[in-house]
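So for the sequence shown, our numbering puts the first residue at 1; every next one is plus one. Below: one structure, written as structure tokens.
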Amino acid sequence: MYNSKDKSNSSEESKKKNEVNELAQATFDSFKPFINIFDSGLKVLDRYIHVITKDDWRLHARYKNGEKPTYPDGSKFNPYLDIVRNIYNPKFVQEQIDCEEIRAYTSGNRGLGLLYIDLDAHKLWQTDQKDSLEILQTIFPEAFYRGSSRGENGYLKVRYNSVEAFNEVADQLQDVMGRWFLQNQILCDFEIKGTITTKHNSGKLAKLPFTNLAKLTASSQGWGFDELDRFNACPIVPLWRVKEVVDRLEADLDPDLVAKGWEQKNRFIQRDNANDQLTKKLRGFGWTGTDEYILREFNKIKSEQSRGDGKIRIPVYNNVVEDVDASQPSLSPKQPRFAPKAEVASTDRDGFAEGDAFARNFDDLLPFTRQFYKQHKRFPSLEDALVHLRDSGLFSGCWDDNESRRQCRVGQILSYIEDSFDPALLGNDDARPVVLKSGKFSWWVSKKFGRGINMEAKTRLVRTFDPVSLTAPVTVTKAFVPARFIETFTTVANFCLNDDPLENKAVPTNRFKKIWNMVVDGAVWNQTYFQIVRDMFDRMGIIKIYDRNHETGKAWRWVSGSSFPAGSWKEEQTKLKKLWKRFSSGKTFSEFIAGINKDRNNKLLNTLYQTVSQNSDHLGAAMVNGPRPDI
Numbered sequence: 001m002y003n004s005k006d007k008s009n010s011s012e013e014s015k016k017k018n019e020v021n022e023l024a025q026a027t028f029d030s031f032k033p034f035i036n037i038f039d040s041g042l043k044v045l046d047r048y049i050h051v052i053t054k055d056d057w058r059l060h061a062r063y064k065n066g067e068k069p070t071y072p073d074g075s076k077f078n079p080y081l082d083i084v085r086n087i088y089n090p091k092f093v094q095e096q097i098d099c100e101e102i103r104a105y106t107s108g109n110r111g112l113g114l115l116y117i118d119l120d121a122h123k124l125w126q127t128d129q130k131d132s133l134e135i136l137q138t139i140f141p142e143a144f145y146r147g148s149s150r151g152e153n154g155y156l157k158v159r160y161n162s163v164e165a166f167n168e169v170a171d172q173l174q175d176v177m178g179r180w181f182l183q184n185q186i187l188c189d190f191e192i193k194g195t196i197t198t199k200h201n202s203g204k205l206a207k208l209p210f211t212n213l214a215k216l217t218a219s220s221q222g223w224g225f226d227e228l229d230r231f232n233a234c235p236i237v238p239l240w241r242v243k244e245v246v247d248r249l250e251a252d253l254d255p256d257l258v259a260k261g262w263e264q265k266n267r268f269i270q271r272d273n274a275n276d277q278l279t280k281k282l283r284g285f286g287w288t289g290t291d292e293y294i295l296r297e298f299n300k301i302k303s304e305q306s307r308g309d310g311k312i313r314i315p316v317y318n319n320v321v322e323d324v325d326a327s328q329p330s331l332s333p334k335q336p337r338f339a340p341k342a343e344v345a346s347t348d349r350d351g352f353a354e355g356d357a358f359a360r361n362f363d364d365l366l367p368f369t370r371q372f373y374k375q376h377k378r379f380p381s382l383e384d385a386l387v388h389l390r391d392s393g394l395f396s397g398c399w400d401d402n403e404s405r406r407q408c409r410v411g412q413i414l415s416y417i418e419d420s421f422d423p424a425l426l427g428n429d430d431a432r433p434v435v436l437k438s439g440k441f442s443w444w445v446s447k448k449f450g451r452g453i454n455m456e457a458k459t460r461l462v463r464t465f466d467p468v469s470l471t472a473p474v475t476v477t478k479a480f481v482p483a484r485f486i487e488t489f490t491t492v493a494n495f496c497l498n499d500d501p502l503e504n505k506a507v508p509t510n511r512f513k514k515i516w517n518m519v520v521d522g523a524v525w526n527q528t529y530f531q532i533v534r535d536m537f538d539r540m541g542i543i544k545i546y547d548r549n550h551e552t553g554k555a556w557r558w559v560s561g562s563s564f565p566a567g568s569w570k571e572e573q574t575k576l577k578k579l580w581k582r583f584s585s586g587k588t589f590s591e592f593i594a595g596i597n598k599d600r601n602n603k604l605l606n607t608l609y610q611t612v613s614q615n616s617d618h619l620g621a622a623m624v625n626g627p628r629p630d631i
């Protein structure tokens, strides 16, 4: 009786779980004609992936022919787990509405498609999002528009006769609209997604608009029947109409105005790149926090260097100088005023000079304070720092010019350095400088991992086990770790484990990250990728994590494994030849070493025996005619 009741309850729970609400079903029915349910996507980490890949379909075809195919990693192909359960269905819609997953789509291949108009305003200087949306609504009033926290998303229903023509028009629209934005000095980014998957190329995945996460729908209401009614009311546009609009826009393009618009936008891009490099450099000096916080604090120090004339000259490290009138509101990025590269006076000087004195002095004084403390056991004063700059020629123009500003600037820099200065962290004078380059192990990573690591983790949700069907759902998480990240990881691991290991063999993650930022041309840090590579290296024997007890003040302890790469290709080949010689003999390592020692002793005794035989006249005939020494 107990079992009967339990089965009944489990059956009802399982049935209730598989049911979807009315909104999810109605949404699926409205979007299904325009999307390919056999080629949808899922957001994993920070990108979208196809949940059913072309490899899955190839294995499925072999499975239908009676084979039992397997993936390259040895796992068996399962038609239900790898194909059937990943076909887009109303349950996926409900999961996205409930904020459990973020799904994506490619357009359908049966005459109806859904072009995704992606208007991005990710940068602070992209302040023309509203104007851009008004332009798009004028050009494509038939589209369904839905806002997000970083831009606007548009969905255009299209009827087409040729898959190739649909994809070509989508690519042309992205190219022409992007140039048209530049011509009209619009800084927002424009992209077209939601193309159709063909035999040779996968379609561009586009985000579905059902997400109710606040951070993704900051400028629009949550998904409901009102939004669905708006989508259903949007008409279907023939492809020739879209093509006609694209051709008309392309005919109005002026190459000179496009180039001018790109030059303006590129200034902001170069400034961001320079700020990224500056942020990375400051992190190496111990600055912590988000990128925005670091730049804000750094610029706060710089902005205090001169306020005498009511204007603040703020260099941004990309030959762009913004003149900001302190008495007037700040200029918006949409109306930038660009100045040529700041020129340095050509008066006699001994040192190197740049347009940005603050950044130059900061770079010069940081190593100076460390070296000064090592020699004098005290922090340098303002006078000490000024003498160092003057005697080393680390200034531009005449030393007596702008003396008060220089003193103020140097004093601010010393105050900041002193706040974060810790003498206990200073190394000895004999310590060699650390120079790390990610290309050292590129040959090994290319040979071992190719372009990178494709990970697919299948997790069975035991908590949702169904006692009736005796099954539990399985979630699949996919990720791709590029080869450049693996190279950087190997370089840092080699330094931490072989070149400069700690006495207790611990590898703290914060030390690993700090050394990571010192690698020249290294990959950007990613905590998830770090964990994937670390665990894979441990399984492959490249490293060996022998202590995983993590407590306050204690980190995991690693050592380099037997498969850790050598420093160069030649060293690796030498090591492999030695290993092959031992393995081919069928002996253990101790037996192999014992054999080498025995051969060496035999050679020594044979040499002595021959020497004794040649000098037998001095030792007597008995020695010559006697038996050979027992070896």
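Quick reminder that beta carbons are idealized off the backbone N, C-alpha and C, glycines included. Owing to the predicted nature of the structure, the values given are computational and were not obtained by experimental measurement.
Under the DSSP assignment, residue 79 falls in the alpha helix (DSSP H) whose first and last residues are 79-82. A distance below 7 Å separates the beta carbons of residue 151 and residue 121. Rounded to whole angstroms, the separation of the alpha carbons of residue 166 and residue 187 is 27 Å. CA-to-CA, the gap between residue 140 and residue 156 works out to about 8 Å. In the DSSP assignment, residue 113 is bridged to 158. For residue 92, the closest alpha carbon among the candidates 417, 48, 233 and 208 is that of 208.
Each residue's CA atom was taken as its position, placing residue 30 and residue 232 some 7 Å apart. The secondary-structure analysis by DSSP pairs residue 190 across a beta bridge with 119. Rounded to whole angstroms, the Cβ separation of residue 43 and residue 143 is 23 Å, and the two are not in contact under 8 Å.
Cα atoms of residue 454 and residue 478: separation of roughly 7 Å, rounded to the nearest angstrom. Contact between residue 39 and residue 106 is confirmed by a C-beta separation of about 5 Å, below the 8 Å threshold. A straight line joining the alpha-carbon of residue 399 with that of residue 392 spans about 12 Å. For the 7 Å CB-CB criterion, residue 34 and residue 111 do not form a contact. Looking at the backbone, the Cα of residue 505 and that of residue 270 are separated by about 42 Å.
In the displayed model, residue 50 falls within a strand according to three-state DSSP.
Residue 152 sits in a strand when the DSSP states are folded into three classes.
Taking 7 Å as the cut-off, the Cβ atoms of residue 261 and residue 182 count as close. By the neighbour-count criterion, in which a residue is buried when 16 or more other Cβ atoms sit within 10 angstroms of its Cβ, residue 387 is exposed. Taken through DSSP and simplified to helix, strand or coil, residue 106 comes out as coil.
When only Cα atoms are considered, residue 266 and residue 360 end up about 25 Å apart. For residue 252, the secondary structure class from DSSP, reduced to helix, strand or coil, is coil. When DSSP reads this structure, residue 207 sits in a beta bridge with 104. Around the C-beta of residue 128, 16 or more other C-beta atoms lie within 10 Å, and the residue is accordingly described as buried. The beta carbons of residue 440 and residue 488 sit no closer together than 7 Å. Rounded to the nearest angstrom, the Cβ distance from residue 533 to residue 436 is 17 Å, too far for a contact under 8 Å. Taking 7 Å as the cut-off, the Cβ atoms of residue 507 and residue 496 count as close. Going by DSSP, residue 44 is part of the beta strand (DSSP E) stretching over 41-44. Only residues of its own chain outside the window of five on either side were considered, and among them 474 have a CB closer than 7 Å to the CB of residue 81, listed in chain order. Shown here for residue 206: same chain residues with a beta carbon closer than 7 Å to its own, the five before and five after excluded, namely 104, 105, 116, 193 and 194 in chain order.
CA-to-CA, the gap between residue 57 and residue 225 works out to about 35 Å.
Fewer than three Cβ pairs drawn from the segment 511-530 and the segment 558-568 lie within less than 8 Å of each other, which leaves the two stretches out of contact. In this structure, DSSP gives residue 68 a state outside helix and strand, which the three-state scheme calls coil. Separation of the CB atoms of residue 99 and residue 211 is rounded to 7 Å, and the pair is thereby assigned contact status at 8 Å.
Rounded to the nearest whole angstrom, the C-alpha separation of residue 90 and residue 544 is 46 Å. If you look at residue 558, you'll find it in the beta strand (DSSP E) that goes 557-560.
Within 10 angstroms of the beta-carbon of residue 118 lie 16 or more other beta-carbons, which makes it buried.
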